[in-house]
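Just so you know, the sequence shown maps onto residues -29 to -1, 1 to 124 in mature numbering (1 follows the signal peptide of the UniProt record, and there is no 0).
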Amino acid sequence: MRAPSLKSLRFAAMLGLLFGALSLGEARAANPLEMNFWLSGPRYDGTVANCDWALPRIVHEFAEKEYTFWNSSLKITGFAAVRETAYRPWQSDNIPRRYCTGEAMLTDGKARKVHFSIIEDGGFASYGSGVEWCVVGLDRNWAYNPACRAARP
């Protein structure tokens, strides 16, 4: 392989200095075309599934989390008293969410509160509805502590 000549190294250095100087220029605000061209923002319909829609997903994700991360065979066997606690509790231009709560019966024989929310366009890569949930007393990584309060509205 041939070594680069001094002339080509000078040219590369000058080109680098030129691009560096251009990047240090003054930052400008977007012009009206840049501000309005394809930047229409999110278009939420406000169609969020009912609370019962999320229950099979919570059962599956809870069992997977317990088995994978906590080496536990604990599973949810059923739900009772599932009800909506809030729908779009904040401003209307926020991402639509439906907050729900209920009782989950577990394989250890104990009933525990479960708080969850269904989020429009909250699925993987903003495709489909997403679900965030927390079982009171089993939030072992403290993601929604204290007592799953961060999972409620």
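Note that CB positions come from ideal geometry on N, CA and C, so glycine has one too.
In this text, all values refer to a predicted model and were calculated from it rather than measured experimentally.
#1: For L77, which beta-bridge partners are listed by DSSP?
#2: Taking only three categories from DSSP, how would you classify V102?
#3: Is E91 helix, strand or coil when you go by DSSP?
#4: Report the option in V53, E91, Y58 and G80 whose CA atom is closest to the CA atom of R14.
#5: If the criterion is Cβ atoms closer than 7 Å, does the pair R83 and A75 meet it?
#6: On a Cα-Cα basis, can you pick out the residue from A52, W24, W104 and F(-11) that is closest to F33?
#7: Express the C-alpha separation of L26 and V102 in angstroms, rounding to a whole number.
#8: Are S97 and I89 touching if we call contact CB-CB under 7 Å?
#9: By Cβ distance below 7 Å, which residues in the same chain neighbour D110 in space, the five residues on each side in sequence not counted?
#10: List the whole-angstrom C-beta distance separating I29 from V85, where the pair is believed to meet the contact cut-off of C-beta under 8 Å.
#11: Taking 8 Å as the limit between beta carbons, can you name the residues of its chain near A20, skipping five residues before and five after?
#12: Note the first and the last residue of the continuous alpha helix (DSSP H) segment covering V19.
#13: In angstroms with no decimal places, state the Cα-to-Cα distance between N65 and S43.
#14: Comparing alpha-carbon positions, which option in R54, T18 and I47 lies nearest L77?
#15: If we call anything under 7 Å between Cβ atoms a contact, is A52 one with G73?
#16: From the DSSP output, in three-state form, read off R68 for me.
So, to answer that:
#1: I47
#2: strand
#3: coil
#4: E91
#5: yes
#6: W104
#7: 10 Å
#8: no
#9: N116 and C119
#10: 7 Å
#11: R69, I89 and S100
#12: Neither: V19 is in no alpha helix (DSSP H) and is coded neither H nor E.
#13: 37 Å
#14: I47
#15: yes
#16: strand
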